[in-house]
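Take 928 as the starting number for the sequence shown in my numbering and just add one per residue.
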Amino acid sequence: MENTITQEAMMNEQLEKLLEYIGFMSPSLLEIVQGVRQTVKATAALSSLDITETVKYGGILFSTKSAFGGVFAYKQHVSLEFSLGANFSDPHKVLEGSGKFRRHIKLTSIDEIAAKHVAEYITQALHQADK
């Protein structure tokens, strides 16, 4: 039990440090990252799923039963990556990438979270990860 608490505290500390760094580099990118995190959490809650956040590869990875994606801040944009995004339906034509599995949505403003229908794509990712 104590080890679990220690691991959770370490993860929270890593997450806070990453968010602080992003905010220092670009407050507008931090706003987008936080908006994506809120959207992931709200979408997961609607499906009664618990998600975990892990700092890895310079970003925040999201998981339920398995990892389904992550959010990464770059110099001029934020990328919401989906591990199995190539399997998604893309009615809004916002998914980018041509790899065998991964796809991403590039976000340059907080308003694009709604405009690019991010919650719909997160729902697809959650359904795949919860299998």
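Quick reminder that beta carbons are idealized off the backbone N, C-alpha and C, glycines included.
Range of the contiguous alpha helix (DSSP H) that encloses residue i
{"i": "serine 955", "result": "954 to 973"}
{"i": "isoleucine 1049", "result": "1045 to 1056"}
Contact check, residue i vs residue j, beta carbons under 8 Å
{"i": "isoleucine 949", "j": "alanine 1000", "result": "yes"}
{"i": "histidine 1031", "j": "glutamate 1047", "result": "no"}
{"i": "valine 1062", "j": "valine 960", "result": "The structure shown does not extend to residue 1062, since the chain is modelled only from 928 to 1058, so the question has no answer here."}
{"i": "isoleucine 987", "j": "leucine 1034", "result": "no"}
{"i": "serine 1016", "j": "arginine 1029", "result": "no"}
{"i": "isoleucine 1049", "j": "threonine 970", "result": "yes"}
{"i": "threonine 991", "j": "leucine 1053", "result": "yes"}
{"i": "alanine 1056", "j": "serine 993", "result": "yes"}
{"i": "glutamate 958", "j": "isoleucine 1037", "result": "yes"}
{"i": "lysine 1027", "j": "alanine 1013", "result": "yes"}
{"i": "valine 982", "j": "methionine 952", "result": "no"}
DSSP-derived helix/strand/coil call for residue i
{"i": "glutamate 935", "result": "helix"}
First and last residue of the uninterrupted beta strand (DSSP E) at residue i
{"i": "leucine 988", "result": "986 to 990"}
Distance cut-off 7 Å: residue i Cβ against heavy atoms of the ligand ZN
{"i": "serine 955", "result": "Looking at this structure, you won't find the ligand ZN or any other ligand, since it has none at all."}
Whole beta strand (DSSP E) runs in the region 1001 to 1042 with 3 or more residues, listed along the chain?
-> 1005 to 1009, 1030 to 1034
Can we say the region 988 to 1000 touches the region 946 to 966, given the rule of at least three CB pairs closer than 8 Å?
-> yes
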